[in-house]
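Participant: This is the structure I have questions about; it appears just below.
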Amino acid sequence: MSTADSSRLAYNRFLEYENVLKSHAHGLSRPYNATPIGFCAFSLTLFVYSFYLAGATVPVTSSASIAMGLGLFYGGLVELIAGVFELRIGNNFYALTFLSYAGYWLGLASLYVSGSFGFTTGFLTGSDNTALHNAMGVFYLAWTIFTLAMLISSIRTNVINVVFFFFLMLVYILLCAGFFLDDQYNLRRAAGAIGIFTAVVGWYKAFASLLIKGDNSYFDLPLFDISRRSTEPGGPKVVETRANK
Numbered sequence: 632m633s634t635a636d637s638s639r640l641a642y643n644r645f646l647e648y649e650n651v652l653k654s655h656a657h658g659l660s661r662p663y664n665a666t667p668i669g670f671c672a673f674s675l676t677l678f679v680y681s682f683y684l685a686g687a688t689v690p691v692t693s694s695a696s697i698a699m700g701l702g703l704f705y706g707g708l709v710e711l712i713a714g715v716f717e718l719r720i721g722n723n724f725y726a727l728t729f730l731s732y733a734g735y736w737l738g739l740a741s742l743y744v745s746g747s748f749g750f751t752t753g754f755l756t757g758s759d760n761t762a763l764h765n766a767m768g769v770f771y772l773a774w775t776i777f778t779l780a781m782l783i784s785s786i787r788t789n790v791i792n793v794v795f796f797f798f799l800m801l802v803y804i805l806l807c808a809g810f811f812l813d814d815q816y817n818l819r820r821a822a823g824a825i826g827i828f829t830a831v832v833g834w835y836k837a838f839a840s841l842l843i844k845g846d847n848s849y850f851d852l853p854l855f856d857i858s859r860r861s862t863e864p865g866g867p868k869v870v871e872t873r874a875n876k
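Below, the structure written as structure tokens:
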């Protein structure tokens, strides 16, 4: 074998080795896809909680303490972890979404933990719970305002996000009004019914972000992109993570 052939063979082997290193590095740097986890955690917890609110299968006056177990460990802790992963890859929109609503579930569930936090102790004055209901009204007023801000922020992402935040905002509006009106059960039922629908939309969003045709599924679930990227090639990148990216 001539010197030229030896050099060419060594060079080709070097290129093959470099390609192997690049493919290995790409596999290690594959971004996390925490969107399905975050939306599933929120949606399942909201689904169960909404059944209590709507009085479906259980009396509307029943305590939602069983749903609050999910609020602590699934809608709270698991969604918190999903938000941290989104923060890790710089996906600020979903990081804000998951971390904030994880705080919502953890905060709400903490009100049901008896003998530990006692956050509601100062509002319990005999049989009159008006002060407590007004305090919960303020709680849901704050989440209504925040969800409105998230709705506005989602307008340039996709239709499913917009629908999700719109109906979630309606849930919070109804709960806020219900508590300010001294815990009106009809408003609570309406919030529960819309909450069940919102949970279904959230599940759709979760699996639309998970299922990739040709990768882990035989079909895609459309998200109906309405971002600048869909109409303007030079527009900003949409904050959306898919499993095959």
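Take the sequence shown: its letters are residues 632 to 876, numbered as in this note's numbering. C-beta: ideal position from N, C-alpha, C; glycine also. Computed from a predicted model, the values in this text were never measured in an experiment.
#1: Give the list of continuous alpha helix (DSSP H) stretches no shorter than 4 residues that lie fully inside the region 709–795.
#2: Which value, in whole angstroms, describes the spacing of the CA atoms of ALA762 and GLY809?
#3: My understanding is that VAL689 touches TYR680, with C-beta atoms under 8 Å, so please give their C-beta distance in whole angstroms.
#4: Among the candidates ARG820, LEU742, ALA733, THR778, whose CA atom is the shortest distance from the CA of ALA713?
#5: Quick check on the burial criterion: 16 or more other C-beta atoms within 10 angstroms. Buried or exposed for ILE776?
#6: In the DSSP assignment, find the unbroken alpha helix (DSSP H) run with THR666 in it and report its ends.
#7: Identify, in the order they occur along the chain, each residue of the same chain with its Cβ nearer than 8 Å to the Cβ of THR778, setting aside the five sequence neighbours on each side.
#8: According to DSSP, LYS844 sits in a beta bridge with which residue or residues?
#9: Please go through the same chain and pick out, in chain order, the residues whose beta-carbon is closer than 6 Å to the beta-carbon of ALA685, but skip the five residues on each side of it.
#10: Tell me whether LEU701 is buried or exposed, calling it buried when 16 or more other Cβ atoms sit within 10 Å of its Cβ.
#11: Can you confirm whether the region 713–725 touches the region 690–699 when touching is taken to mean that 3 or more C-beta pairs between the two stretches lie within less than 8 Å?
#12: So which of ILE668, PHE838, TRP834, ALA665 has the shortest CA-CA distance to SER848?
#13: How long is the line joining the alpha carbons of ALA726 and LEU841, rounded to whole angstroms?
Facilitator: Inspection of the coordinates gives the following:
#1: Runs of the alpha helix (DSSP H) inside the region 709–795: 710–719, 723–741, 761–784.
#2: Taking the first residue of the sequence shown as position 1, residue 762 is located at position 131. Taking the first residue of the sequence shown as position 1, residue 809 is located at position 178. Their backbone Cα atoms lie some 13 Å apart in a straight line.
#3: Sequence index remark: in the sequence shown, residue 689 carries index 58 (1-based). Sequence index remark: in the sequence shown, residue 680 carries index 49 (1-based). Contact doesn't hold; Cβ gap of about 11 Å is too wide.
#4: For the purposes of this step, residue 713 is identified with residue 82 of the sequence shown, where counting begins at 1. Scanning ARG820, LEU742, ALA733, THR778 for the CA closest to the CA of ALA713 turns up ALA733.
#5: Taking the sequence shown and counting its residues from 1, the one referred to as residue 776 is at position 145. Label assigned to ILE776: exposed.
#6: As a working note, residue 666 is residue 35 in the sequence shown. Start and end: 666–685.
#7: In the sequence shown, the residue the question calls residue 778 occupies position 147. Same-chain partners within the cutoff: PHE796, LEU799, MET800, TYR803.
#8: Sequence index remark: in the sequence shown, residue 844 carries index 213 (1-based). According to DSSP, which records beta bridges pairwise, LYS844 is partnered with SER848.
#9: To locate residue 685, count along the sequence shown from 1; it is residue 54. Cβ neighbours of ALA685 within its own chain (closer than 6 Å, five residues either side excluded): ARG820, GLY823, ALA824.
#10: Residue 701 sits at position 70 when you count from the first residue of the sequence shown. That one is buried.
#11: In this structure the region 690–699 does not lie against the region 713–725, because fewer than three pairs of beta carbons, one per stretch, are closer than 8 Å.
#12: Within the sequence shown, residue 848 is the residue found at index 217, counting from 1. Answer by Cα proximity: PHE838.
#13: For the purposes of this step, residue 726 is taken as the residue at position 95 of the sequence shown. For the purposes of this step, residue 841 is taken as the residue at position 210 of the sequence shown. The alpha-carbon atoms of ALA726 and LEU841 are separated by roughly 17 Å.
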